[in-house]
Structures are given as C-alpha cells and as structure tokens.
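Taking it in order: structure first as structure tokens, then the write-up.
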Amino acid sequence: MNARRTSLIALAAAGALGLAACSGGTSAGGGGGATSGGGGGEGDGVVTVWHYFSDPNQVALMDAYKEKFESENDATVENVYVPYDQMNSKLVSAAGAGTGPDVVVFNGAEAATLALGGVLAPLDEQWAEFADADQFPDSVLHSVDDQLYAVQGYVNLLGLWYNQDILDEIGVEPPTTMDELEDAMAAAKDAGYGGITLSGLPQSQGEWQAYPWISDAGFDYENLDADALGAGFERVRGWVDNGWLTQEAVTWDQTVPFQQFAAGNVAFAQNGNWQIGTAESDADFAYGVVPLPLGDTGQVYLGGEGQGIGAHADDPELAWEYLQGTYLDVEGQELAPDLVGSIPSRADTAEADVVTGNELLDPFAQTIADFGASYPDPVIPPAAVADVQLTVGQAWSAVIGGQKDPQAAADEAVAALQSQIG
Amino acid sequence: MFLLPAALFLGLFSLFPLVQLVRMAVSDVTAATLNADWLFTGLDNIRRGFETGQTGPAISRTLVFVVVVTVLGMLVGFGAAIALRTTGRWSAWLLALMVFVWALPPVVNGSVWKFLLNDAGLINTVLLSTGLRDTPVPFLYDQHWALFSVAFVNAFAVIPFNTLVFRAALMTIDPEVFEAAQLDGASKWQQIRHIMVPSVRPTTLVLLILTLVYGFRSFDFIYVMTYGGPGTATNTLPFLGYLQAFVRYDYGLGAATSALAVVGVLVLAVVYARSIKREEADG
Chain A
0 MNARRTSLIA LAAAGALGLA ACSGGTSAGG GGGATSGGGG GEGDGVVTVW HYFSDPNQVA
60 LMDAYKEKFE SENDATVENV YVPYDQMNSK LVSAAGAGTG PDVVVFNGAE AATLALGGVL
120 APLDEQWAEF ADADQFPDSV LHSVDDQLYA VQGYVNLLGL WYNQDILDEI GVEPPTTMDE
180 LEDAMAAAKD AGYGGITLSG LPQSQGEWQA YPWISDAGFD YENLDADALG AGFERVRGWV
240 DNGWLTQEAV TWDQTVPFQQ FAAGNVAFAQ NGNWQIGTAE SDADFAYGVV PLPLGDTGQV
300 YLGGEGQGIG AHADDPELAW EYLQGTYLDV EGQELAPDLV GSIPSRADTA EADVVTGNEL
360 LDPFAQTIAD FGASYPDPVI PPAAVADVQL TVGQAWSAVI GGQKDPQAAA DEAVAALQSQ
420 IG
Chain B
0 MFLLPAALFL GLFSLFPLVQ LVRMAVSDVT AATLNADWLF TGLDNIRRGF ETGQTGPAIS
60 RTLVFVVVVT VLGMLVGFGA AIALRTTGRW SAWLLALMVF VWALPPVVNG SVWKFLLNDA
120 GLINTVLLST GLRDTPVPFL YDQHWALFSV AFVNAFAVIP FNTLVFRAAL MTIDPEVFEA
180 AQLDGASKWQ QIRHIMVPSV RPTTLVLLIL TLVYGFRSFD FIYVMTYGGP GTATNTLPFL
240 GYLQAFVRYD YGLGAATSAL AVVGVLVLAV VYARSIKREE ADG
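Following this line, the structure appears as structure tokens:
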C-alpha cells in the first residue's frame with residue numbers, strides 16, 4: 000500500500016467532509032408533511048428497499064447488503080427495482096396514497112424533491128443518537144428546511160478513463176492539461192480511434208457530465224456568465240467538429256459511452272468510479288484513470304445515492320437498523336468500493352485497505368481534493384434543482400447534437416437559469 | 000342496464016383522469032403541493048408554456064410528427080393490405096408476423112429500432128458497405144433526421160394494425176367484381192383505383208382518425224429513442240408534458256401542455272364519432 004495514496008484518499012474523504020453542505024439547500028417552503036416514523040405501524044419483519052440500479056455490479060451491492068442484513072437480523076429484505084425515470088413520480092404518488100417503501104435509495108441530488116413531496120421521513124432523531132454520526136461529512140447529509148432526510152453511504156464522481164494500449168500506440172502519456180487531452184484525442188483520431196466518449200443526453204445526466212467542462216471555462220451557478228458557458232460549450236462542440244467525439248453521444252446515457260470505451264476503440268471516456276467493476280469484466284485492454292484535466296475553476300460534482308426512510312414505512316425502526324447495518328456500517332461501506340468502486344463516505348472506512356489498495360480509486364480521490372463540488376450547487380434553490388438540471392442538460396445536448404450554436408444555446412440557457420435561480 | 004359496466008369503466012378510467020387533468024392544468028401544482036390543496040391559477044400555466052418558448056415549437060413538431068405517422072401509416076398499411084389480400088401460407092405467415100410487431104411493447108420496439116439506427120447498426124452498416132453513403136446517416140442525433148426517424152418508427156408500429164383493418168375491408172369485396180373487371184381489361188392499378196379505394200372509403204375515414212389520434216399520443220418511442228433530443232428537437236407536446244410534470248415536477252405546467260394535446264385528440268374524437276354515426280346510418 001502506498002503511503003501517499005493512503006493519505007491522499009483520507010484527505011479526499013476529509014475534503015468531501017469539508018465541502019459545504021451538499022444538495023437540498025437550507026430553505027424550502029412547504030415541507031412534505033412527513034413526520035418521524037409517519038405511517039409506521041406493526042412491523043412485518045420485511046424491509047422493502049426501492050432502488051433504480053440495473054447495472055449488474057450495482058445490483059450485486061444491493062444483494063450483498065440484503066444478505067448481510069438478513070444474516071445479522073431476523074428480518075427479510077426485499078430489493079425492488081424501479082426505473083430511474085419513474086422513481087420520483089412513483090414515490091410521490093405512493094406518498095399521496097399513504098404508502099411507499101421502507102427504505103429509498105435515490106439520486107442524492109433529488110433529496111429536496113422527495114422531501115418536499117412528503118416521501119421521506121426526517122432522520123434527525125435517529126441521527127442524533129447514532130454513535131458514528133461524526134464519521135460522516137456534511138456534504139453527504141441531505142437536509143431540507145434544517146431537517147435531515149437522507150445520508151449517502153458513498154460518493155461517486157467523474158474521472159478521465161484512458162485506454163493505455165491506444166496511448167502507447169500513439170506515444171502519449173495520460174493527459175494532465177486540456178491541451179494535452181486535445182492533442183491526444185487528435186493523435187488518437189489520426190490513428191483511427193475515437194477520441195472520447197461521454198453522455199450528451201438532454202436531462203440531468205447531461206448536466207452532470209457537462210459541469211466539469213463548463214466550470215473549467217469559468218461558468219458557475221452564482222454568476223451565470225453566458226460567455227463562459229458559451230466558451231465551455233464551444234470547446235466540446237469543437238471536439239465533435241474535429242471528429243474526436245461522436246455526435247451520437249446525445250442518445251447515450253452514462254452507461255453506453257462506457258460500453259463504447261470498454262469495446263477498445265476509443266482513447267478516453269469521461270465516466271465515473273462506479274464503472275470499475277464493468278471495466279474489470281468488459282475491458283480487454285490495459286486501462287487507467289486520471290483526474291479530468293481541468294483548470295483552476297474546474298469542478299467535478301460529488302454525487303451518489305442518498306438513503307432515506309420512507310415517510311410511510313411499515314417499520315421505520317427496522318428500516319433504520321437496515322441503514323445502520325449496511326450503508327452506514329464500516330463493513331457495509333467496504334463492500335461499495337469492492338463491488339462497485341464507490342468511495343465510502345465514512346472517514347474511517349476511507350482509510351481501509353479495500354480503498355487505499357485500489358489504484359483506480361486514487362485519481363478519483365485526488366479529484367475530490369482538487370475539484371470536488373457539492374451536487375447540486377447549494378446556490379440553486381431546492382425547488383429549482385430539477386429545472387436547472389434539465390435546462391443545462393438540454394443546452395448541452397443541443398450543442399453536441401448541432402441543434403444550436405454554442406453561444407446561442409448558452410444565452411438561452413442563462414436567460415432561463417436567471418428566472419429559475421433568481 | 001347493460002351499459003352500466005362500460006359507463007362505470009369509462010367514468011373511472013377516462014372521465015375522472017380527464018377532469019383531474021383539467022383541474023391540474025388551471026392550478027399551481029408541484030411536488031410539494033401535489034398531495035395538498037391546489038391553488039387555482041386560471042390560464043397561467045398555458046401562458047407560461049408559451050412564454051418560455053417551448054409550447055409553440057412543440058406544437059409544430061407534433062404536427063410534423065402526426066403528418067408523417069398518418070401518411071406513412073395509411074399508405075403503407077393500404078399497400079400491404081392489397082399485397083396480403085390473397086389467402087395462402089405466405090400471406091398468413093406475414094399477417095402473423097405483423098400481429099407480432101403490432102403487439103410488441105413500444106419500449107421493446109423502440110429499443111430494437113434505436114439499435115438498428117445507430118452508427119454501427121444494421122441500416123448504417125448496409126448503407127456504408129454498399130457504398131450508398133460515405134458516413135453514417137445521423138438518424139437519431141441530427142435535429143431534422145431525429146424527428147423523422149422517430150415518426151417513421153411510430154408509423155412502422157401502426158402499419159400492422161392498419162393493414163389488418165384494411166385487409167378485412169378488402170376481403171368483403173365480392174371476388175366476382177374483380178373477375179368482371181379483369182374481363183373488361185382493367186389493369187391492377189385500375190382495380191385499386193376504381194374498386195378497392197371506393198370500397199374501403201368508410202373504413203379509411205375511421206382508420207385515418209384513429210391513426211391521427213395515435214400520432215398525437217407520440218410519447219413512448221421518443222422517450223426510448225431520443226429522450227426529446229438532440230436538445231429539444233423531438234420534444235412533441237406529450238413528451239414536453241412529461242418533462243414538465245415528471246422531470247421538473249411542475250405538474251400544473253405539464254398538465255396544461257398535455258391538455259393542449261388532449262384538445263387535438265378530442266376534436267378528432269368528435270369527427271370519429273360523427274363518421275361512425277354516418278357510417279351506421281348509411282349501413
């Protein structure tokens with residue numbers, strides 16, 4: 000084990016801890032009407048967990064948590080798959096009908112939507128009595144209206160995956176600057192390979208993928224500089240025009256571009272640490288990861304799934320025991336890097352061998368320290384998060400797909416963002 | 000008395016959701032207020048939709064989409080019905096295949112077509128290998144191609160149904176009519192023009208309206224194949240309504256957009272009801 004890496008990952012975890020409270024914001028009107036343990040009744044010994052994972056490695060993690068909890072408790076865990084696009088609407092509808100799952104595993108960025116929709120039960124009482132609460136950074140706690148609704152058991156973020164075989168063939172080192180990246184993509188194209196894969200889907204995944212590049216160009220949600228946003232868009236559109244990035248990316252969610260990369264004909268992929276398992280199983284070539292080659296203003300979102308208790312859980316106490324025994328537990332958190340490649344959110348687990356002994360996690364940890372940003376940006380009002388993500392995701396897609404000129408797309412997006420963010 | 004179950008069913012699953020949709024369209028409904036009282040805001044949601052510049056283009060795209068689906072669905076459906084008018088093993092086999100295609104869930108159908116239309120898909124592979132194209136056709140990622148591609152796939156999904164209905168209508172024509180036409184020296188085209196087309200006219204009107212309505216409901220193939228992209232290039236009214244209601248959680252705005260699509264469908268439903276009535280009167 001490399002001492003530098005150990006300290007770097009520990010530092011990264013601390014960096015995540017130190018970031019301003021992530022997503023959810025601090026003020027939101029309404030409130031969901033959920034009460035602690037609301038709807039709780041007679042426990043049936045079954046913990047129903049709703050999730051949206053279809054990737055085999057992520058499903059394996061859910062299965063491992065089920066197995067762990069069932070082996071340690073006299074209870075049954077039922078993992079229920081709900082497609083990502085349907086998850087929130089189903090949860091809000093179920094809450095309206097006074098029902099829903101015991102545990103919800105959801106996109107952490109959408110905590111405010113679910114809390115305002117009355118889907119989640121506040122966790123303040125449980126958290127106050129949780130002995131290990133001090134191990135968790137503020138950035139993985141999702142609060143709305145000063146009430147805690149969810150906690151993240153791990154952090155996910157983007158890095159730059161590279162195909163070592165292609166880089167050897169074209170004689171370049173993994174890039175550390177934007178110029179090096181663009182030179183390498185040009186060389187890869189000349190050698191008959193693709194430059195980079197990423198997602199240009201016109202929704203939140205697009206915004207998540209766009210943010211490092213547009214923030215590198217100087218854009219942020221506080222200042223809403225249309226010229227900076229246009230410059231970021233211009234750069235990535237240039238990649239399409241130069242043939243380094245296929246315009247087809249506008250039809251890809253984040254899974255497809257990594258499959259394209261794993262097929263071996265593309266030099267780089269902007270993708271996440273959760274693809275480590277897929278890379279191991281699918282990539283038939285040497286590969287590695289470096290931080291995205293961003294400048295001083297560049298930022299990379301620290302995302303991941305939030306875990307909360309349903310406002311209408313049958314047995315909120317058992318649901319809390321499930322969370323404590325899996326996502327919030329040291330051994331449970333060690334399963335995440337092992338199976339999926341996620342970085343544990345507990346400070347102590349971030350120093351475990353399973354994390355520090357993994358070379359691929361090192362650059363992600365370095366990214367947390369250098370570019371880590373709360374997801375979503377705290378300046379976005381909770382009720383506007385979905386609007387903002389869709390607006391920027393559509394603009395990103397329109398630029399990559401050639402529907403709009405980069406600066407025109409940026410101007411339109413900023414005009415919309417000004418009314419959404421205020 | 001016998002109408003009671005149907006009336007109950009319609010009331011529960013059609014009228015009630017429709018009333019709720021209209022109520023939602025004239026109210027301020029978000030994730031936070033969905034399960035609470037809805038504040039009446041009149042036509043504010045429709046005004047907001049047009050002001051953001053999204054509703055107008057979505058209406059235009061919906062109309063283009065409906066025209067492509069209807070023209071292709073009707074013409075190819077009628078052509079296929081003529082080709083399959085004969086009885087025999089091949090036509091039975093083809094009909095069975097068509098029923099299979101028709102019964103395929105749109106998500107499966109759309110995913111297969113997305114696979115066929117991508118850069119490395121079957122269609123581009125054939126076009127490139129035969130030298131018809133130097134570069135792949137950007138079926139799903141060029142703003143103009145994408146709308147037509149998704150509309151084409153939507154039409155493909157409705158063709159089997161139209162074929163079956165047209166074929167049933169053609170089968171009712173007395174074979175002696177064709178024999179007499181042949182004896183008089185009528186060509187195949189003349190038989191189509193002067194015998195088949197007039198014979199299926201009542202069916203055509205009903206089918207035309209059903210196909211128009213089908214086109215207006217364009218959501219599932221767009222969801223699977225382009226997610227409204229690139230950018231907003233394939234955002235039709237139903238998909239825009241979905242984005243507003245279930246992605247942005249502005250249920251009021253989404254309901255207002257969907258209500259506009261419902262108005263289009265309702266107008267067609269009235270025409271449909273009248274044509275049925277006229278057909279029954281004629282019969």
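If you're matching them up, the sequences are chains A and B in order.
Take 0 as the starting number for the first sequence in numbering that gives the first Met the number 0 and just add one per residue.
Take 0 as the starting number for the second sequence in numbering that gives the first Met the number 0 and just add one per residue.
Here a beta-carbon is modelled for each residue, glycine too, at the ideal position from N, C-alpha and C.
- Take the alpha-carbon of A/VAL45 and the one of A/THR98: they are about 15 Å apart.
- B/VAL152 places its beta carbon 7 Å or farther from that of B/TRP101.
- Assignment of beta-bridge partners to A/TYR153 by DSSP yields A/PRO343.
- Exclusion of the five residues before and after A/SER203 leaves ASN106, ALA108, ALA385, GLN388, LEU389 and GLY392 as the residues of its chain whose Cβ lies within less than 8 Å of its Cβ.
- DSSP places B/SER26 in the strand class (E or B) of the three-state scheme.
- Residue contact check for B/ALA31 against chain A: a CB pair falls below 7 Å.
- Taking a beta-carbon distance threshold of 7 Å, B/ALA119 does not count as an interface residue toward chain A.
- In this structure, DSSP gives A/VAL265 an extended state, which the three-state scheme calls strand.
- Its chain contains ALA187, TYR192 and ALA266 as the residues whose beta carbon lies nearer than 7 Å to that of A/ILE165, once the 5 sequence neighbours on both sides are disregarded; these appear in chain order.
- In this chain, the beta strand (DSSP E) harbouring A/TYR286 covers 286-289.
- When the beta-carbon positions are compared, A/LEU119 and A/ALA310 come within less than 7 Å of each other.
- Close CB contacts of B/VAL199 within its chain, under the 7 Å cut and outside five residues either way in sequence, are with PHE165, ALA168 and LEU169 (chain order).
- The continuous beta strand (DSSP E) containing A/PHE105 extends over residues 102-106.
- Taking a Cβ-Cβ threshold of 8 Å, the residues of chain B close to A/PRO201 are TYR226, GLY227, GLY228, PRO229, GLY230 and THR231, in chain order.
- B/ARG247 belongs to the set of residues whose beta carbon lies under 7 Å from a beta carbon in chain A.
- With three or more CB-CB distances shorter than 8 Å, the segment 231-248 of chain B counts as touching the segment 57-65 of chain B.
- One alpha carbon belongs to A/ALA262, the other to A/PHE284, and they sit about 9 Å apart.
- Of all residues in the segment 127-153 of chain B, those with a C-beta nearer than 9 Å to a C-beta of chain A are PRO135, PRO137, LEU139, TYR140, ASP141, GLN142 and ALA145, reading in chain order.
- Under the three-state reduction of DSSP output, A/LEU197 falls in the coil class, being neither helix nor strand.
- Taking the beta carbon of A/ALA385 as reference, the chain B residues within 8 Å of it are VAL246, ARG247 and TYR248, listed in sequence order.
- Counting of Cβ neighbours within 10 angstroms places B/ARG132 among the exposed residues, the total staying below 16.
- A residue is called buried when at least 16 other Cβ atoms come within 10 angstroms of its Cβ; A/LEU200 meets this threshold and is buried.
- By the rule that beta-carbons nearer than 7 Å mark a contact, B/ASN34 touches chain A.
- Chain-order list of chain A residues neighbouring B/LEU242: LEU389, by C-beta distance under 7 Å.
- Of all residues in the segment 233-257 of chain A, the ones placed with a Cβ closer than 9 Å to any Cβ belonging to chain B are THR245, GLN246, GLU247, ALA248, VAL249, THR250 and ASP252, in chain order.
- For A/ALA225, the closest of A/LYS67, A/SER418 and A/VAL413 by C-alpha to C-alpha distance is A/VAL413.
- Between A/PRO362 and A/THR175, the gap from beta carbon to beta carbon reaches 7 Å or more.
- Under the Cβ criterion of 7 Å, A/THR175 is not counted among the residues facing chain B.
- Look at A/THR196: its C-beta is not under 7 Å from any C-beta on chain B.
- Of all residues in the segment 88-118 of chain A, only SER88, VAL91, ALA94, GLY95, THR112, LEU115, GLY116 and GLY117 place a beta-carbon less than 7 Å from a beta-carbon of chain B.
- Shown here for B/ILE158: same chain residues with a beta carbon closer than 7 Å to its own, the five before and five after excluded, namely GLY72, VAL75, GLY76 and ALA79 in chain order.
- Under the 10 Å beta carbon count, B/VAL262 is surrounded by fewer than 16 other beta carbons and is classified as exposed.
- Following the DSSP letters along the chain, one finds A/LEU301 in no alpha helix (DSSP H) but inside the beta strand (DSSP E) bounded by residues 299-301.
- Look at A/GLY400: its C-beta is under 7 Å from a C-beta on chain B.
- Annotation: Cβ neighbours of A/ALA397 in chain B (cutoff 9 Å, chain order): GLN142, GLY228, PRO229, GLY230, THR231 and ALA232.
- Residue contact check for A/GLN269 against chain B: no CB pair falls below 7 Å.
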